[in-house]
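Enquirer: Okay, handing you the structure first.
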Amino acid sequence: MQTATRALLHPAAKPLVFVLSLLPFCWLLYGAITNQLGANPAEHLIRSTGDWTLRFLCLTLAVTPVRTMAKLPALLRFRRMLGLFTYFYVVLHFLSYSGFDQAFDFGEIAKDIAKRPFILVGFAAFVLLTPLAATSFNRAIKALGAKRWQALHRLVYVIAGLGILHFFWMRAGKHNFAEVAVYAAILAVLLGWRVVNWLRSTKRVVRGGAAHPTPVRSRS
Numbered sequence: 002m003q004t005a006t007r008a009l010l011h012p013a014a015k016p017l018v019f020v021l022s023l024l025p026f027c028w029l030l031y032g033a034i035t036n037q038l039g040a041n042p043a044e045h046l047i048r049s050t051g052d053w054t055l056r057f058l059c060l061t062l063a064v065t066p067v068r069t070m071a072k073l074p075a076l077l078r079f080r081r082m083l084g085l086f087t088y089f090y091v092v093l094h095f096l097s098y099s100g101f102d103q104a105f106d107f108g109e110i111a112k113d114i115a116k117r118p119f120i121l122v123g124f125a126a127f128v129l130l131t132p133l134a135a136t137s138f139n140r141a142i143k144a145l146g147a148k149r150w151q152a153l154h155r156l157v158y159v160i161a162g163l164g165i166l167h168f169f170w171m172r173a174g175k176h177n178f179a180e181v182a183v184y185a186a187i188l189a190v191l192l193g194w195r196v197v198n199w200l201r202s203t204k205r206v207v208r209g210g211a212a213h214p215t216p217v218r219s220r221s
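Numbering (my numbering), first residue to last: 2 to 221.
So this is what it looks like as structure tokens:
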């Protein structure tokens, strides 16, 4: 345990995680430059950036459960970076769709969002994720206050649900539901763990309050 903690606290740990997180982008960029993305490079980029968004969302949500169960508080120092990479890949996903599918015609993009439910759901997830990325810094936490910041960042539950629904509708045309089921199961476990722990903490607070009732002052 101490060895793992020392490794996580090593000065090179954060740069290493940053480089590893950037590798999928570098691979896609290399594939685009060398024309190695298959018969339909645009579709490959759109789908791949969407896949990596879901993967980084899973990694970000896994930090707290793994940190708690493995008793590795040092893992927390990577959560913000992983969350920002989730946003990085969803921006790439949206830009790939906007550029390759719609040629950055914002009028057509707006019509497509309104017309196709899976695009609407994906765009809603992107919009909701934006304030979470924008308020992931210490100054934003201080400005909002801890309670309001935590309430805002609970939107991740909604975002995860919208992301899975968007992914499901994208794969529905090809009847490829196995991959969707894997992501849905992972996110269900991660979010379920958070809900169960929140309910337990709430019960402890209620029981603590009941065990130490506020004394009634005499009016005499």
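Every residue, glycine too, gets a C-beta built ideally from N, C-alpha and C.
Return the chain-ordered ranges of every alpha helix (DSSP H) run that is complete within the region 135-168 and spans a minimum of 4 residues.
Expert: Fully enclosed alpha helix (DSSP H) runs of 4 or longer: 139-145 and 147-154.
Enquirer: Just to confirm before moving on: does the CB-CB distance between His94 and Thr50 stay below 8 Å?
Expert: Yes, they are a contact pair.
Enquirer: Considering Lys72, what are the terminal residues of the alpha helix (DSSP H) in which it resides?
Expert: No alpha helix (DSSP H) contains Lys72, which DSSP labels as neither H nor E.
Enquirer: Pull up the distance between the alpha-carbon of Leu55 and that of Thr35, whole angstroms please.
Expert: Leu55 and Thr35: Cα-Cα distance of roughly 26 Å.
Enquirer: In terms of residues, what are the limits of the alpha helix (DSSP H) holding Gln3?
Expert: Where Gln3 is concerned, the enclosing alpha helix (DSSP H) stretches over Gln3 to Leu10.
Enquirer: For Ile160 versus Leu130, is the C-beta spacing smaller than 8 Å?
Expert: In this structure, Leu130 lies closer than 8 Å to Ile160 by Cβ.
Enquirer: The alpha helix (DSSP H) that contains Ala88, what's its start and end?
Expert: For the record, residue 88 in the displayed sequence is Tyr; it is not Ala. It spans Arg80 to Ser97 - the alpha helix (DSSP H) in which Tyr88 sits, taken as one unbroken run.
Enquirer: First and last residue of the alpha helix (DSSP H) that includes Phe19?
Expert: Note, Phe19: alpha helix (DSSP H), Ala14 to Ile34.
Enquirer: What residue does the alpha helix (DSSP H) around Gly108 start on, and which one ends it?
Expert: Taken as a continuous stretch (DSSP letters only), the alpha helix (DSSP H) holding Gly108 covers Phe107 to Lys116.
Enquirer: Flag this pair as yes or no: are the beta carbons of Ala33 and Leu24 separated by less than 8 Å?
Expert: Not in contact: Ala33 and Leu24 (Cβ atoms no closer than 8 Å).
Enquirer: Which whole-angstrom value describes the C-beta separation of Phe119 and Met82, a residue pair presumed to lie in contact below a C-beta threshold of 8 Å?
Expert: Rounded, the Cβ-Cβ distance is 29 Å, inconsistent with contact.
Enquirer: Classify Leu30 as buried or exposed, calling it buried when 16 or more other Cβ atoms lie within 10 Å of its own Cβ.
Expert: Leu30 should be labelled exposed.
Enquirer: When the distance is taken between beta carbons, is Leu133 closer than 8 Å to Ala167?
Expert: Note on residue identity: the sequence assigns His, not Ala, to residue 167. In this structure, Leu133 does not lie closer than 8 Å to His167 by Cβ.
Enquirer: Can you give me the Cβ contacts of Ile114 inside the same chain, cut-off strictly under 7 Å, excluding the 5 residues immediately before and after it?
Expert: Counting only Cβ-Cβ distances below 7 Å, and skipping sequence neighbours, we find Ile120, Leu121 and Phe124.
Enquirer: Report yes if the CB atom of Phe57 is closer than 8 Å to the CB atom of Tyr90, and no otherwise.
Expert: Yes. Within cutoff.
Enquirer: Does the CB of Glu180 have a neighbour CB from chain D at under 8 Å?
Expert: Of the protein chains in this structure there is only one, and it is not chain D.
Enquirer: Just to confirm my understanding: we take Lys15, look at its own chain, exclude 5 residues before and 5 after, and list those with CB closer than 8 Å. What are they?
Expert: For Lys15, where only same-chain residues beyond five positions count, the Cβ hits under 8 Å are Arg78, Phe79 and Met82.
Enquirer: Use the C-beta contact count for Arg218: other C-beta atoms within 10 angstroms, 16 or more gives buried, fewer gives exposed.
Expert: Confidence at Arg218 is low in this model, with a pLDDT of 46, below 50, so the placement of that residue should be treated as unreliable; the coordinate-derived value is given next. Arg218 should be labelled exposed.
Enquirer: Are Thr61 and Thr87 closer than 8 Å when you measure CB to CB?
Expert: Against a cut-off of 8 Å, the Cβ pair of Thr87 and Thr61 comes out as a contact.
Enquirer: Classify Leu17: buried if its beta carbon has 16 or more other beta carbons within 10 angstroms, exposed otherwise.
Expert: Looking at its Cβ environment, which holds fewer than 16 other Cβ atoms inside 10 Å, Leu17 is exposed.
Enquirer: Out of Ala104, Phe138, Leu21 and Trp194, which one is the CA nearest neighbour of Met70?
Expert: For the residues Ala104, Phe138, Leu21 and Trp194, the minimum Cα distance to Met70 belongs to Trp194.
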